[in-house]
Amino acid sequence: MSGIMIIILFTIIQFIAGFGLLNLFNIQLKPGLLISLAILLGVMVFSIMPFLLQLAYIPLTSTNVFISIIVACVLLNIKFKSGIARLQQLKATMRFKLKIYEIPYLVMIIFIVFVSAWRCFYFPPTPRDLTSGAEVIAEYAIREKTMINSVFSVNLETTNNVFKSPFITCLQIIYKYAGFEFGQVWLSTIVTCFLIFLYQALTLTVHRLFAGLLVLFFMAIPEMFAYTFMVLFDYANAAYFCLSVWFLYQFFQNQQRNYLAFAGLLMAFATYIRSETLILGCMMAPAIVWYHWKNKTGMVKGLISSAWFVVPSVLSYIISVTIYINKYLPVKYNIQSLVNKNLGDLSPLFDRFTDINSKLIFSDMGVGYYGYFIYFFLLLLLLELVIKRQLTPATRNWLYAVLVIYIGFPVMAYLLPLLDLNNSTKRGLFKIFPLMLLYMANNSLLVSWSQKIMKWETK
Amino acid sequence: MKKKKTVPRDRGAAQSSPKPVAPSPAAAPSGKQASPATTTGFKSFILFVAAIISLLIFFGLEPNKLWLNQRIIPYWDDFKEQKLNLDLEERKLARYQTDYLFAKNVTGFFEKRGSAGKVLVLLPPTDYFKAHNLDIHVPEPAVFYYFTGLKTIWPNSAEASKANWFISVKNGGLVFDSVSNKQILLDTIAAFNKFKTSL
Numbered sequence: 533m534s535g536i537m538i539i540i541l542f543t544i545i546q547f548i549a550g551f552g553l554l555n556l557f558n559i560q561l562k563p564g565l566l567i568s569l570a571i572l573l574g575v576m577v578f579s580i581m582p583f584l585l586q587l588a589y590i591p592l593t594s595t596n597v598f599i600s601i602i603v604a605c606v607l608l609n610i611k612f613k614s615g616i617a618r619l620q621q622l623k624a625t626m627r628f629k630l631k632i633y634e635i636p637y638l639v640m641i642i643f644i645v646f647v648s649a650w651r652c653f654y655f656p657p658t659p660r661d662l663t664s665g666a667e668v669i670a671e672y673a674i675r676e677k678t679m680i681n682s683v684f685s686v687n688l689e690t691t692n693n694v695f696k697s698p699f700i701t702c703l704q705i706i707y708k709y710a711g712f713e714f715g716q717v718w719l720s721t722i723v724t725c726f727l728i729f730l731y732q733a734l735t736l737t738v739h740r741l742f743a744g745l746l747v748l749f750f751m752a753i754p755e756m757f758a759y760t761f762m763v764l765f766d767y768a769n770a771a772y773f774c775l776s777v778w779f780l781y782q783f784f785q786n787q788q789r790n791y792l793a794f795a796g797l798l799m800a801f802a803t804y805i806r807s808e809t810l811i812l813g814c815m816m817a818p819a820i821v822w823y824h825w826k827n828k829t830g831m832v833k834g835l836i837s838s839a840w841f842v843v844p845s846v847l848s849y850i851i852s853v854t855i856y857i858n859k860y861l862p863v864k865y866n867i868q869s870l871v872n873k874n875l876g877d878l879s880p881l882f883d884r885f886t887d888i889n890s891k892l893i894f895s896d897m898g899v900g901y902y903g904y905f906i907y908f909f910l911l912l913l914l915l916e917l918v919i920k921r922q923l924t925p926a927t928r929n930w931l932y933a934v935l936v937i938y939i940g941f942p943v944m945a946y947l948l949p950l951l952d953l954n955n956s957t958k959r960g961l962f963k964i965f966p967l968m969l970l971y972m973a974n975n976s977l978l979v980s981w982s983q984k985i986m987k988w989e990t991k
Numbered sequence: 220m221k222k223k224k225t226v227p228r229d230r231g232a233a234q235s236s237p238k239p240v241a242p243s244p245a246a247a248p249s250g251k252q253a254s255p256a257t258t259t260g261f262k263s264f265i266l267f268v269a270a271i272i273s274l275l276i277f278f279g280l281e282p283n284k285l286w287l288n289q290r291i292i293p294y295w296d297d298f299k300e301q302k303l304n305l306d307l308e309e310r311k312l313a314r315y316q317t318d319y320l321f322a323k324n325v326t327g328f329f330e331k332r333g334s335a336g337k338v339l340v341l342l343p344p345t346d347y348f349k350a351h352n353l354d355i356h357v358p359e360p361a362v363f364y365y366f367t368g369l370k371t372i373w374p375n376s377a378e379a380s381k382a383n384w385f386i387s388v389k390n391g392g393l394v395f396d397s398v399s400n401k402q403i404l405l406d407t408i409a410a411f412n413k414f415k416t417s418l
């Protein structure tokens, strides 16, 4: 079977798995959002199944791996009848309409995504974090049918990458079994679906002309674009973190607890990808308490809602770090030794905060890494504050999420000194960009200009 | 009657009191909906021109222009050549370059002797090779194992003395020695450790 056919087949299976999950959580979305999200959820399911097999000590043969995926698909679609009804509804409401003015952006975006996807397919895994960690484990998992394999008998004094999340290892195992020598193409699936989701999310509030330009702006963040074809944890982590926050804010809007639980699930998955995301997830909890306090629904409810959001991430951390690393891996890894022993000294916190601003953001190097994206975000924020003189609740929410990352990384570097500036923090900041993008989508000026264009357009 | 907004807004967190909840704009419509008012062809064309102009402005900005010219366009040019060459080994060589070549050559020596699966090879640091005018970057043991399946060790490791082979440079070429005398191995480790070991 050719590579393209396998990708199509995998995408269909991922859609079915993800659609089942959306149906279980009773998440109602417009078709463009639903289809892209379902595939992203399917990738999530794929990345968990080999890990579950490993936890149960079931050999990671191709048969076992693919049967487990099919079983997951079936179980997630246990509400088969309502799923069929939703599919019929989806079919009835789906209208693929492309406006002529969307074409220039669409062509450009497709071109850039294609270039990225090709490099992702063509080159072998490159980053050292991968070749000395997830990738080497995946390679030998294929040969030895277990993720706890001979790699752990190699001298590992130079790397801690073998202790990182099994997320990439699992996906690499599946795609290598499917015939992709270098795996990796799953990253292009995540990138494509995340961009579609973002575009659709933007069009909920701003005109398609702005939405296309904003997505292009987001894609052209040089450093982030590089990680659309160089596999590492950060792009996927940023995508699922953003999705979690998006559904949390959907909960703020519709007050349906299933959306909150779903946001919690996505945050748990983001934590599975990068364990320190747990800290950022916890830092989102005050927004939930604030929401309940403002709505006069009580602090207790606020704390319960926070638990719905945070507890899945804690469980995810316990399973993928505390249990898996400590109880399954044959090599000892002292995680406690990574935590800052001198928490009374706050200077690393301020030093990192200063370094992030002076070296990563407001510098020539920062423009090289992130283009003008952050400056554009600040310009829009400034214009909104000067012209509108107030922030809408939606913009405040997204700004809070931006602040969580902006403050969260110095805090994480203070707690975990191993998170350096030029690698971990530089890539960790990827999480801030989709949040900034969604702030832009709610910026009062862009929204009011959008309304004016739409009014003129349809007059 | 309130005029219906064209663009629905997210009401967000700061609602002052609990009240009936309107469906989210992101939610699926309940059934077939009337098509939105259509745009006239001329207005669409004006917006099309606006899209083209905004694209030109976007790629006129210095960082975006650089990104397009130094990344996207060269990547596209690469694609036109790469699609004609799908050989896996060449793709690995193109990416890993001398690291991979060095690992393959070293492993090849042991494979010929049929002992690749049994040896632990002490490798000198990259700086040692540099000092001997050899342009070799030494991959760390985990990466070396990924490349070829050969187990290696660096001299700054506490377990370096467990190596049963070591590689050094003599007369500008690589020399492979098996460990027959523990003292020679310890002397070699000490000699290698005079050079900085780095990733």
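Protein chains in written order, with my numbering: chain Y, 533 to 991; chain F, 220 to 418.
Where a beta carbon is used, it is the ideal one built from N, C-alpha and C, also for glycine.
What's the call for residue i, buried or exposed, on a 16-neighbour Cβ count within 10 Å?
i	result
Phe-653/Y	buried
Val-606/Y	exposed
Asp-896/Y	exposed
Lys-370/F	buried
Pro-358/F	buried
Asn-954/Y	exposed
Ser-417/F	exposed
Ile-571/Y	buried
Ser-579/Y	buried
Gln-922/Y	exposed
Thr-994/Y	The structure shown does not extend to residue 994/Y, since chain Y is modelled only from 533 to 991, so the question has no answer here.
Leu-307/F	exposed
Pro-343/F	buried
Gly-898/Y	buried
Asn-874/Y	exposed
Please report the straight-line C-alpha distance between residue i and residue j, rounded to a whole angstrom.
i	j	result
Val-325/F	Phe-712/Y	27 Å
Arg-1043/Y	Phe-277/F	The shown model of chain Y, from 533 to 991, leaves out residue 1043/Y, and the question about it has no answer.
Tyr-315/F	Gly-260/F	53 Å
Ile-408/F	Leu-339/F	14 Å
Ile-906/Y	Arg-740/Y	21 Å
Ile-857/Y	Phe-695/Y	7 Å
Ala-253/F	Ala-247/F	Its pLDDT being 44, under 50, Ala-253/F is placed unreliably by the model, and the measurement read from it follows with that caveat. Cα-Cα distance, rounded: 14 Å.
Tyr-901/Y	Gly-333/F	48 Å
Met-816/Y	Ala-770/Y	15 Å
Gly-1017/Y	Trp-981/Y	Nothing in the structure corresponds to residue 1017/Y, since chain Y is present only between 533 and 991.
Gly-744/Y	Val-717/Y	24 Å
Leu-748/Y	Tyr-319/F	36 Å
Ser-838/Y	Leu-797/Y	13 Å
Lys-528/Y	Leu-914/Y	As shown, chain Y starts at 533 and ends at 991. That puts residue 528/Y outside it, with no answer to give.
Taking only beta-carbon atoms, is residue i less than 7 Å away from chain Y?
i	result
Ser-380/F	no
Phe-261/F	no
Asn-383/F	no
Arg-314/F	yes
Lys-370/F	yes
Leu-405/F	no
Leu-342/F	no
Tyr-294/F	yes
Ala-335/F	no
Leu-393/F	no
Gln-234/F	For Gln-234/F, the predicted structure reports a pLDDT of 40, less than 50, and the residue's modelled location is therefore unreliable. A value from the coordinates is still provided. Chain Y, which has a Cβ nearer than 7 Å to the Cβ of Gln-234/F, makes this yes.
Does the ligand MG have a heavy atom nearer than 6 Å to the CB of residue i?
i	result
Tyr-938/Y	Absence of the ligand MG from the depicted structure is noted, as is the absence of any ligand whatsoever, leaving it without description.
Mind checking if residue i is an interface residue toward chain F, Cβ cutoff 7 Å exclusive?
i	result
Pro-754/Y	yes
Ser-664/Y	yes
Tyr-904/Y	yes
Can you check whether the CB of residue j is closer than 7 Å to the CB of residue i?
i	j	result
Ala-160/F	Leu-561/Y	In this structure chain F extends from 220 to 418, so residue 160/F is not present and cannot be described.
Thr-803/Y	Tyr-365/F	no
Pro-949/Y	Asn-872/Y	yes
Tyr-904/Y	Pro-282/F	yes
Ala-670/Y	Ile-705/Y	yes
Tyr-791/Y	Phe-773/Y	no
Pro-942/Y	Leu-847/Y	no
Leu-734/Y	Pro-659/Y	no
Checklist line | Within the stretch 316 to 346 of chain F, ranges of the beta strand (DSSP E) (whole runs, at least 3 residues) | finding: 339 to 341
Next item on the list: Enumerate, from N- to C-terminal direction, the unbroken alpha helix (DSSP H) stretches of 4 or more residues contained entirely within the stretch 546 to 630 of chain Y.
Entry: 563 to 587, 594 to 608 and 612 to 625
Item checked: Uninterrupted alpha helix (DSSP H) stretches inside the stretch 277 to 308 of chain F (no shorter than 4 residues) -> 281 to 286 and 292 to 301
Item checked: Whole beta strand (DSSP E) elements within the stretch 850 to 929 of chain Y, 3-residue minimum -> none
Check: Unbroken alpha helix (DSSP H) runs of length 4 or more, entirely within the stretch 781 to 832 of chain Y: which are they?
Finding: 789 to 805 and 809 to 826
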